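Chains as they are written, first to last, in our numbering: chain A, 131 to 501; chain B, 3 to 557. No residue lacks a Cβ here, since even glycine has one placed at the ideal position from N, Cα and C. These numbers were taken from a predicted model, which means no experiment stands behind them. Since the structure comes first, as structure tokens, the remarks are kept for the end.
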């Protein structure tokens, strides 16, 4: 009796695995690439720990190279030796990898799990399936945090994106990312451009100059960051009054480290992070990678990740399952960028636009910075 | 001496001429020496010289444009780029077939990315157009299949196109495929094109061959049953626009001639679509002459474009021209990199010289302790040291706090010591100091103290004794240290990235950006090549002025 149970359990597992790929022997070693830090830890807890518990003999190696994933994958591809199996990248990089033929195309309905109520994966992820290769995991946002103790007396705390550009009411240094993306959108928004026109304006020479001119008004008060950890550090040390960074970093600074920092969600820019599978894997490793991705992006797993970090799950069906933080015990829903209270005024990273204009506007932005 | 002339060449003990014998011995010695260094030479070649050379070679490489769009770029050569108008129909027709192939092989987006470095917008232009080319082909596929239902099937096509012949066309098409995706399309396609049909329907035969090669070798499918691409139907439609071809088809009697004749009998149902309009429908940017200018300028296999970009220029229709002012950055960065490296080298000399002197002149026991103090930071991770400087230098950092506490600096006007050039100079001077101190120390160790004493006993003041006697002897150490520090600092990028802010970053930061972020490896390679050339020129100048023999790393 007991034996048959085990057998049927195994066959159920085999069945779910069978959905993800047709047949074939699966490799037992898997190299996953991610960002390190708290984010990678949340993936270990939510995805790989349960996965290795379910699949005896599978070992996972982590490589913290996501920041250089595009360049490294290209080099691996040229050398003809792909050592990575599943790679965590932001959606813009996934689009690039897909364009370069370095990432495998994914058929969401075929290769990803449907929602528990039977909704197909394609509908469950909806618009978040950017490009043909990207398997979304989380929604994060780039937003602002400010020092609550540095708000001038008699003034209310900043709650509008244009407060960043208002040096009179809110004096002090700002921290902005050392690249045009997001900054130029915010600048135009605060220079009287309507939200729906921002990218039309940015596509023109004049619009780009207008954005840089607006940024010029605060240039002397800006510290430009290039790593996501910079702004929380600058805020914690009181180096800046307000600064942009990823919302999960601010959550950690506020809730886990108890820093006097407040969140300003206005005009937060949504972006996506997810998996890609490199093109050209041998069959057994590909089978393992697909099996893992099928498991790690199902409804429950994505909801589980939100227990460890304040990034929203990419599936619609995961949202109701988001619970409390695993160690702090606080309700995570209100810390999600997608929470209705936080998402009153939001942007979605415009992948197509930036794929085209990134080089051009970046050249102008860097030239402007160097002036 | 006279032996050689009078009694033949001088002979060695074994009877061979001495000259040959000596040469043989020397050669053996040389080979032995070469064999000894061979492992190192091989190692350096494989891991260092060849990778760097191939990387630098990317700065001129540009095959991707003509390999991806071979026929369109060939047709484009006849286009007058100063006309202010997009090219004519034949270029668009060639573009359709080239791009169709590229889109099937997913190469079109690579080309889009490549051209987007030169012309904003080409990335999405190629991506979206590639996705929608099937629709253009269906304009022909649908009526052809309505007229001759047999042409819906892959079997019909295979029987129609197969026959006897030299297969030259197929091999030519295979060569084009292999240009686009090297070494992918080797092996048996399983198709012998009928010479008769290839002569009669040239476009169709070419498009069918393209499809067959791809289907058989890349997708590994059975071409005798698979349906061909939409582009093959479009090619057939184009072939049949020629009245001579129509006449030939009507006289044809090969396999499935009846199906082809069905089509020729109903030519009025075929679309009179022009590719120029079709592309304009896909994206109006295709009619933008600037897009075509970019494609034409970058169609040669090798380009100077990356090098021009690296010195703030660009290729225009009339040759090289400066970039718009708001995009010029690289020359500024090159000059800044050289200038700041000089400043860093100078401050290393100023700080390192006294320390090295102390080390060389103190009793051994004290000198050793000092030496450890010099080496300790040397052994610490670069990132740790740079981050430590961040803590020290920031406005709420240790240095500012102390200055404010001492009252030297007003609390409201704290010094800005980092996120600018000052921060880079301070942090890098500290990081590179050991590279100055160590060669200085080893040179100073060899200067006998008795020289100074002798100078003084002959009446020199302390200053004269140092300046006229000691300093000249330590110059080789300064030379060695300066070269080390200068060349190291030119290539630094982590420290400037962390503490440099905007006006303290180097050219290497842009190289890193283009390598890892924008993926413009060609530009990165060009910038790197220029940097390498500048260093070599400076080294040569240094050799001419100071003399490389005057550099000493030790006794």
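Residue i and residue j: beta carbons closer than 8 Å?
| i | j | result |
| --- | --- | --- |
| residue 258(A) | residue 251(A) | no |
| residue 497(B) | residue 426(B) | yes |
| residue 236(B) | residue 138(B) | yes |
| residue 102(A) | residue 273(A) | For chain A, the structure presents residues 131 to 501; residue 102(A) sits outside this window and is missing. |
| residue 127(B) | residue 67(B) | no |
| residue 199(A) | residue 215(A) | no |
| residue 490(A) | residue 390(A) | no |
| residue 313(A) | residue 364(A) | no |
| residue 270(A) | residue 377(A) | yes |
| residue 197(A) | residue 445(A) | no |
| residue 111(B) | residue 132(B) | yes |
| residue 156(B) | residue 230(B) | yes |
| residue 160(B) | residue 255(B) | no |
| residue 211(B) | residue 172(B) | yes |
| residue 295(A) | residue 406(A) | no |
| residue 343(A) | residue 181(A) | no |
So, with DSSP's three-state summary, where would you put residue i?
| i | result |
| --- | --- |
| residue 395(A) | strand |
| residue 277(A) | strand |
| residue 198(A) | helix |
| residue 189(B) | coil |
| residue 508(B) | coil |
| residue 317(B) | strand |
| residue 293(B) | helix |
| residue 231(B) | coil |
| residue 347(B) | helix |
| residue 405(A) | strand |
| residue 382(B) | coil |
| residue 326(B) | coil |
| residue 513(A) | The question about residue 513(A) has no answer here: the residues shown for chain A are numbered 131 through 501. |
| residue 237(A) | coil |
| residue 470(A) | coil |
| residue 442(A) | strand |
Whose Cβ in chain B lies nearer than 8 Å to the Cβ of residue i?
| i | result |
| --- | --- |
| residue 368(A) | 398 |
| residue 356(A) | 499 |
| residue 226(A) | 115 and 521 |
| residue 176(A) | By Cβ distance, chain B contributes nothing, its closest Cβ being about 28 Å from residue 176(A), past 8 Å. |
What does DSSP give as the partner residue(s) for residue i in the beta ladder?
| i | result |
| --- | --- |
| residue 158(B) | Beta-bridge pairing links residue 158(B) to no other residue. |
| residue 304(B) | 63(B) |
| residue 19(B) | 13(B) |
| residue 163(A) | 193(A) and 217(A) |
| residue 164(B) | 195(B) |
| residue 400(A) | 271(A) and 478(A) |
| residue 353(A) | 305(A) |
Interface residues of chain B around residue i at Cβ under 7 Å?
| i | result |
| --- | --- |
| residue 494(A) | 328 and 329 |
| residue 204(A) | 521 |
| residue 482(A) | 126 |
| residue 490(A) | 122 |
| residue 265(A) | Near residue 265(A) there are no residues of chain B at all, since even the closest Cβ is about 18 Å away, more than 7 Å. |
| residue 497(A) | 328, 329, 330 and 331 |
Residues of chain A with CB under 7 Å from residue i, in chain order?
| i | result |
| --- | --- |
| residue 129(B) | 229 |
Name, please, each residue of chain A whose Cβ falls closer than 8 Å to the Cβ of residue i.
| i | result |
| --- | --- |
| residue 370(B) | Here the premise fails: no neighbours, minimum Cβ distance about 38 Å. |
| residue 335(B) | 500 |
| residue 503(B) | 353 and 354 |
Given residue i, which residues of its chain have a CB within under 8 Å of its CB, disregarding the five upstream and five downstream residues?
| i | result |
| --- | --- |
| residue 144(A) | Low local confidence applies: a pLDDT of 42 at residue 144(A) is under 50, so the model's placement there is unreliable, with the coordinate-based value given in what follows. Cβ within range, chain order: n/a, list empty. |
Note down, in chain order, each residue of its chain lying with its Cβ closer than 7 Å to the Cβ of residue i, except the 5 sequence neighbours on either side.
| i | result |
| --- | --- |
| residue 385(A) | 458 and 460 |
| residue 156(A) | 414, 417, 418 and 421 |
| residue 358(A) | 375, 376 and 379 |
| residue 531(B) | 58 and 61 |
| residue 123(B) | 287 |
| residue 256(A) | 446 |
List the residues of chain E that residue i touches, going by C-beta distances under 7 Å, in chain order.
| i | result |
| --- | --- |
| residue 382(B) | In the structure shown, chain E cannot be found, because the protein chains are A and B. |
With a CB to CB cut of under 6 Å and the five nearest residues on each side skipped, what residues in its chain are close to residue i?
| i | result |
| --- | --- |
| residue 240(B) | 205 |
| residue 413(B) | 406 |
| residue 11(B) | 19 |
Anything in chain B within Cβ reach of residue i, meaning under 9 Å, just list it in chain order.
| i | result |
| --- | --- |
| residue 198(A) | 517, 518 and 519 |
| residue 201(A) | 517, 518, 519, 521 and 523 |
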